[in-house]
Amino acid sequence: MLPDYLGLGLGPGPHPWMHVPSETTAALDMLRASRAVARSQGRELRRDVLVTGFSQGASAALGLARSLQDGDDDLFRLRAVAPISGAYSFRDAELPALLAGQTEPKASVIYSALTLVAFNRLHHLYDTPAQVFRAPYDRTIEGLLDGTHTGREVEAGTPDTIDALLTPRGRAMLAHPTARLAAALRTADGVCTDWTPRAPIRLYYADADEQAVPANTAHCHTALRARGVHAPTINLGTPDYGGSRHLGSQQAGTAAVVRWFRSLG
Numbered sequence: 002m003l004p005d006y007l008g009l010g011l012g013p014g015p016h017p018w019m020h021v022p023s024e025t026t027a028a029l030d031m032l033r034a035s036r037a038v039a040r041s042q043g044r045e046l047r048r049d050v051l052v053t054g055f056s057q058g059a060s061a062a063l064g065l066a067r068s069l070q071d072g073d074d075d076l077f078r079l080r081a082v083a084p085i086s087g088a089y090s091f092r093d094a095e096l097p098a099l100l101a102g103q104t105e106p107k108a109s110v111i112y113s114a115l116t117l118v119a120f121n122r123l124h125h126l127y128d129t130p131a132q133v134f135r136a137p138y139d140r141t142i143e144g145l146l147d148g149t150h151t152g153r154e155v156e157a158g159t160p161d162t163i164d165a166l167l168t169p170r171g172r173a174m175l176a177h178p179t180a181r182l183a184a185a186l187r188t189a190d191g192v193c194t195d196w197t198p199r200a201p202i203r204l205y206y207a208d209a210d211e212q213a214v215p216a217n218t219a220h221c222h223t224a225l226r227a228r229g230v231h232a233p234t235i236n237l238g239t240p241d242y243g244g245s246r247h248l249g250s251q252q253a254g255t256a257a258v259v260r261w262f263r264s265l266g
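One gets our numbering by counting positions in the sequence shown from 1 and adding 1 to each.
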C-alpha cells in the first residue's frame, strides 16, 4: 500500500515536501482506510505492519514506524521497518553533499530549490523569491514547484548548476541553516534521532547513489546505535536502473526488503 501525501494525487494545495509529520499522518490514514475497505469486503487486516519506503518515502517510513510504536492507532502494531536510500540527515549529510557537488548536478539544483520553496511555504524562510533565487528563476521557481508540473518540465525550467540558481543568501541559508530552517531540519532528521525503535530495523542504501548520499545512512545508523538500537546497514552496491543508481537502489532495495520481511514470518 502507498500513501497519498498531501498535495499529491487528487489532493488540493502544494505538497509539503520532506515534511515528516504530514507524511506520517497520510500513511496512518492509508492504513485506516485500508482496514475499512478490507472490513467492507468481509476481511480483516493483520495487526502487524511491515514498513518500508524509498528516498523521500524512507523518512516517511520511519515517521510511520515511530507513530505505530507510539500507539497512535492501537489496532496496528509495528512489526519491522526497513527504509531504503533515504535523506535522514538532511542538514549534516544531504545538504552539504548537494552544495559540494557530490550529487548529480541537476538533482542538486532541484533538491536545493525544493528545500527552500517547500520549507518556505510552512516556515517563512524568505520574503520574496529574489532574496534566495537568481533571475530569471526568482519569477518562475515557486510556480514550477507547485506540484502540477512533470519532472521533465521541472528539469527544463531549472538551471544546470546551483550557482546559477541561488543567490549568495540562498546558498548561505542551505550551507548554515539557522532559526526556522534549522528547526524544520531538526524535525526532518528526527526520524533517526528522536526515538528508539523496539521493532527490528534495517537501513538499506547504495554506495554509489548519485542522489541520496550514503552519509545519510551512516548518520542514521550512528544516531540509532547511540540509543542502543541494533540497526544493520545493508549496502546494495551499485545497482543501475535506466541510468540512475538512485532508482537502481529502489529496485534492488525493495527486493531485498521483501526477502527480509518474509524471513520474519
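Note that CB positions come from ideal geometry on N, CA and C, so glycine has one too.
- Distance between alanine 207 and glycine 54, taken at the CA atoms: about 14 Å.
- Following the DSSP letters along the chain, one finds glycine 171 inside the alpha helix (DSSP H) bounded by residues 169-176.
- Rounded to the nearest whole angstrom, the CA to CA distance from threonine 162 to glycine 10 is 30 Å.
- Here DSSP, grouped into helix, strand and coil, assigns threonine 239 to coil.
- Taking a cut-off of 8 Å on C-beta distances, the region 111-126 touches the region 17-30, as three or more cross pairs fall below it.
- Annotation for aspartate 49: the continuous beta strand (DSSP E) segment containing it runs 49-55.
- Distance between alanine 173 and valine 155, taken at the CA atoms: about 23 Å.
- For glutamine 251, the CB contacts under 8 Å within the same chain, skipping 5 residues up- and downstream, are Phe55, Ser56, Ile85, Ser86, Tyr242 in chain order.
- In the DSSP assignment, tyrosine 112 falls within the unbroken alpha helix (DSSP H) covering 106-124.
- Residue nearest to alanine 189 within the set Val50, Ala61, Gly14, Ala180 is Ala61 (criterion: CA-CA distance).
- The C-beta separation of threonine 159 from valine 230 comes to about 38 Å, leaving the pair out of contact by the 8 Å criterion.
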